[in-house]
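**Student:** Pasting in a structure now, in structure tokens, and then I'll have a few things to ask.
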Amino acid sequence: MSKRHLALLFSPRSPTAFLTRIVVVVAAFAIFSFAVGLMPLPRLTTRLSTAKPTAKPYVPDSHPYFPLDKPVISKFEIRATNGSRSTCPFPKLDLHDPAIMAFYVKHPRVPCEVEPDWVSLHGGVFALTDFARRNRTGVKCDLYPIVKESDFKTRELAPLTSVANGTQIANDFYRVACTADRGAKYHNYHAGIRYDEQIQKRKDPPKTDGLDLDVIMIGLDSTSRLAWRRHLPLTRDYFVNVLKGIEMEGYNILGDGTPAAIMPILIGRREEELHEARRGYEGATPVDDFPWIWKEFKEAGYATAWGEDDAHLGTFQYRLLGFADQPTDHYYRYFSLAVEPHHNDFKQYCLGSRPRHAVLLDYMREMYFVYPNRRKWIFSFQSELSHSDNNLLSKMDDDFMEHIRRLHKEKHLDNAILIMMADHGARFSKVRATAQGKQEERLPYFGIRFPEWFAEKHPDIIQNLRKNSKRLTTPFDVHETLHEVIKFTGADVANISNRGVSLFKEIPLERDCNWAHVDPHWCACMDWVNMNLNDPILKRLTKLIIETFNNYTEPFRKECAVLKIQDVQSAAALKVKDAVLKFKDTSDGGRGRFGKMDDTTKQSSVLYQVIFSTTPGDGLFEATIAHSLQQDNLTLEKKDISRTNKYGDASHCVEKQEPFLRPYCYCKDLIKS
0 MSKRHLALLF SPRSPTAFLT RIVVVVAAFA IFSFAVGLMP LPRLTTRLST AKPTAKPYVP
60 DSHPYFPLDK PVISKFEIRA TNGSRSTCPF PKLDLHDPAI MAFYVKHPRV PCEVEPDWVS
120 LHGGVFALTD FARRNRTGVK CDLYPIVKES DFKTRELAPL TSVANGTQIA NDFYRVACTA
180 DRGAKYHNYH AGIRYDEQIQ KRKDPPKTDG LDLDVIMIGL DSTSRLAWRR HLPLTRDYFV
240 NVLKGIEMEG YNILGDGTPA AIMPILIGRR EEELHEARRG YEGATPVDDF PWIWKEFKEA
300 GYATAWGEDD AHLGTFQYRL LGFADQPTDH YYRYFSLAVE PHHNDFKQYC LGSRPRHAVL
360 LDYMREMYFV YPNRRKWIFS FQSELSHSDN NLLSKMDDDF MEHIRRLHKE KHLDNAILIM
420 MADHGARFSK VRATAQGKQE ERLPYFGIRF PEWFAEKHPD IIQNLRKNSK RLTTPFDVHE
480 TLHEVIKFTG ADVANISNRG VSLFKEIPLE RDCNWAHVDP HWCACMDWVN MNLNDPILKR
540 LTKLIIETFN NYTEPFRKEC AVLKIQDVQS AAALKVKDAV LKFKDTSDGG RGRFGKMDDT
600 TKQSSVLYQV IFSTTPGDGL FEATIAHSLQ QDNLTLEKKD ISRTNKYGDA SHCVEKQEPF
660 LRPYCYCKDL IKS
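Residue 357 in numbering that gives the first Met the number 0 sits at position 358 of the sequence shown; the count goes up by one each step and never skips.
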């Protein structure tokens, strides 16, 4: 085009000048927008975060199980279920998944004795019940105090005979034996809260430092978020629709079993980060000196209580050495120890006229009647009706719902944070063997509720909780949240570089399992691509697996059989998402597995997950193996192995001296000749 034509085109007097200017401006803006679009744009939140990820995107090399022939761009985002954008999208799971519902059974509530209990220890006082006073004459009761010998054994003291109605109890636990006219007899075990003057003398919590709230935590074993909805519909409905509790949909486990879930909550650390406390290990000592969160609550003036319904499966006693001294002000374990040998004296799951799960719940509720003016930290954990079979949970739904309803109606929740949670999903049942069950194991239930007035005083906390309910959270976060109850530091945006962040702060959208220190084996928002079962690498993987298992049991070869791979059911390789691996090594040794990264980083590791069975014993396992591509080394760690079916008494020959070997040892005396 000549200069003359251009001059005419842009001349103010030209009839096409105005239209031409518009076209030029639009074209220039389009070119600029395209250029900007190639740049990574920061994600926007309601506040400007001062703690943004600084690691550069991970650029992997090619891999046989997924195409990586193009460079990875740094603007990787996935639409999450709540419509926001997140680097950690969780699987959309079906509440009524047919494979899981095939095993669903609804049970009626636990049927206990028709005749009500004769006595109660309500309010720290021994008293005859209304039933006993109306229907029995000449009642005389002897109380046998149950006291600790160790964290694994209790004993009875000499009886208190013919105890008068209204006597204040001096212990929490008693065996009670009563007689009445016409030969009537009553025998049962009772738990109550004795009044402790030293607790009442503690300094009141400083109202200016913390939130000035009680903490009530109620936990269940082996219950995923969806299993909670299936088996506890009444409880869940009351919690969500009446109490307006908030459910954390992205609550992800950190490891295998209850200690891996509870210790980070109560201590803020993993078991392997603490001193050796496992039974049978050199230098092992009890767990008393761990930095338990209840110690901080005691110092803040709180009365504390911790209890589990199943003494045999005690979180800190099953594999560990337990406590040398009583850990909390009121400690239910001594009652569980005393009662467990006598379960068969009563109807199944009962103590007299009450279900055993209700006895524990009532014991914790008694804290409010004995210490009405004292701040309280209370944590109860139940395993008996959920550890082996989620279906049994329906037996407690009515009682569970009634418990939180009573807490509400009696106004105990007016100044309390209520947390309802589980440690992990089902680990051994047929449900766990399904594709969705595997994912549900990693996503246990977690819900939190504040008093009604709290939203008006702290709307930012409630707003953050609702946002965080759709984001990745872990037990480490719960620990930090408990700290905030005592010493509140605000409801700003959380520092993404901290592995544990308070749920009261807004969790950045960029947070993924690497930032949260969730190992890939347990991360629910990982992408795994199915492998061909004829792939040569599988031979190396299974060889490493079975050698590792047999090395574990080698010191007990006289007792434990040599295992062999029976069948490989499935195998998968980790699909590395674009820009997901923004994580750099930290002091824990880089649990993200992929080390420090920058723009030029090439994939140095691949993760494989193998599901297989072993013989003898038909053990089912899931293992995650790291493959270093540079050294061509395979690595399998204990924490990346899951036993996914029950092993019962298959390891009876070593379970006492070496409980760690229970998943791997099949006792030779069980092999039929």
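Every residue gets a Cβ at the ideal spot worked out from N, C-alpha and C, and that includes glycine.
1) Between Asn390, Gln325, Met420, Ser612, which has its C-alpha nearest Ile261's C-alpha?
2) Using 8 angstroms as the Cβ pair cut-off and three pairs as the minimum, do the region 196-208 and the region 406-425 touch?
3) Just to confirm, is the Cβ distance from Phe380 to Glu270 under 7 angstroms?
4) Please state whether DSSP places Ser393 in a helix, a strand or coil.
5) For Tyr605, write down the residues that DSSP places opposite it in a beta bridge.
6) Can the beta-carbon of Arg318 be found less than 7 angstroms from the beta-carbon of Arg277?
7) Give, in chain order, every unbroken run of the beta strand (DSSP E) that is at least 3 residues long and sits entirely within the region 422-472.
8) Where does the unbroken alpha helix (DSSP H) through Ala649 begin, and where does it stop?
9) Can you look up Asn513 in the DSSP assignment and give me helix, strand or coil?
10) Assuming Ile670 and Ala560 form a contact by the criterion Cβ under 8 angstroms, report the distance between their Cβ atoms to the nearest whole angstrom.
11) Give me the DSSP bridge partner(s) of Trp527.
12) Between the region 644-664 and the region 273-291, are three or more C-beta pairs nearer than 8 angstroms?
13) Considering only their Cβ atoms, is the gap separating Ser221 from Ser335 smaller than 7 angstroms?
14) Along the chain, where does the beta strand (DSSP E) that runs through Ala302 open and close?
15) Ends of the alpha helix (DSSP H) at Lys294?
16) Just to check my reading of the structure: Phe503 and Ala490 have Cβ atoms closer than 8 angstroms, yes? What is that Cβ distance to the nearest angstrom?
17) How big is the Cα-Cα spacing for Val146 and Val138?
18) Decide if Glu439 is buried, meaning its Cβ has at least 16 other Cβ atoms within 10 Å, or exposed.
19) Could you name each continuous alpha helix (DSSP H) segment of 4 residues or more that falls completely within the region 135-212, going from the start of the chain to the end?
20) Would you identify the three-state DSSP class for Ile99, choosing helix, strand or coil?
21) Closest by CA to Gly218, which one among Ala183, Phe449, Asp309?
22) In whole angstroms, what is the alpha-carbon distance linking Lys667 and Val567?
23) Nearest to Tyr370 by CA position, among Pro107, Arg426, Glu383, Ile192, is which residue?
24) Using DSSP bridges, identify the partner residues of Leu384.
25) Report the residue from Ile99, Leu543, Ala259 whose alpha carbon sits nearest the alpha carbon of Asp422.
26) Could you name the residues of the same chain whose beta carbon sits closer than 7 angstroms to that of Asn463, not counting the 5 residues immediately before and after it, in chain order?
27) Alpha carbon to alpha carbon, how far is Ala231 from Phe399?
28) For Thr705, which residues of its own chain have a beta-carbon under 8 angstroms away from its beta-carbon, when the five flanking residues on both sides are left out?
29) What I want to know is whether the C-beta of Asp180 ends up closer than 6 angstroms to one or more non-hydrogen atoms of the ligand PLP.
30) When the Cα of His341 is compared with those of Pro290, Arg355, Pro90, Ile245, which residue comes out closest?
31) Taking only the alpha-carbon atoms, compute the straight-line gap between Asp180 and Gly249 and give it to the nearest angstrom.
32) Measure the CB-CB distance between Ile485 and Gly209 and report whether it falls below 7 angstroms.
33) Which residue comes first and which comes last in the beta strand (DSSP E) that contains Thr634?
34) Determine, using beta carbons only, whether Tyr683 and Leu142 come nearer to each other than 7 angstroms.
35) Between the Cα of Ile198 and those of Arg374, Ala357, Lys429, spot the shortest distance and give me the residue it belongs to.
36) Can you tell me whether Ala493 is helix, strand or coil according to DSSP?
**Tutor:** Result, derived from the coordinates:
1) Met420
2) no
3) no
4) helix
5) Checking the sequence, you will find Val at residue 605 rather than Tyr. Val605 pairs with His626.
6) yes
7) 445-448
8) Ala649 -> no alpha helix (DSSP H), and no H or E assigned at all.
9) coil
10) 6 angstroms
11) Leu573
12) yes
13) no
14) 302-307
15) 292-298
16) 5 angstroms
17) 25 angstroms
18) buried
19) 196-199
20) helix
21) Asp309
22) 24 angstroms
23) Ile192
24) Bridge partners of Leu384: none, in fact.
25) Ala259
26) Ala490, Phe503, Lys504, Glu505
27) The sequence given here has Leu at residue 231, not Ala. Rounded to whole angstroms, Leu231 to Phe399 spans 8 angstroms at the Cα level.
28) Because the chain spans 0 through 672 in this model, residue 705 falls outside it and cannot be assessed.
29) Summarising the ligand content, the structure contains no ligands, and the ligand PLP is consequently not present.
30) Arg355
31) 59 angstroms
32) yes
33) 632-634
34) Residue coverage of the chain in this structure runs from 0 to 672, which leaves residue 683 outside it and unanswerable.
35) Arg374
36) coil
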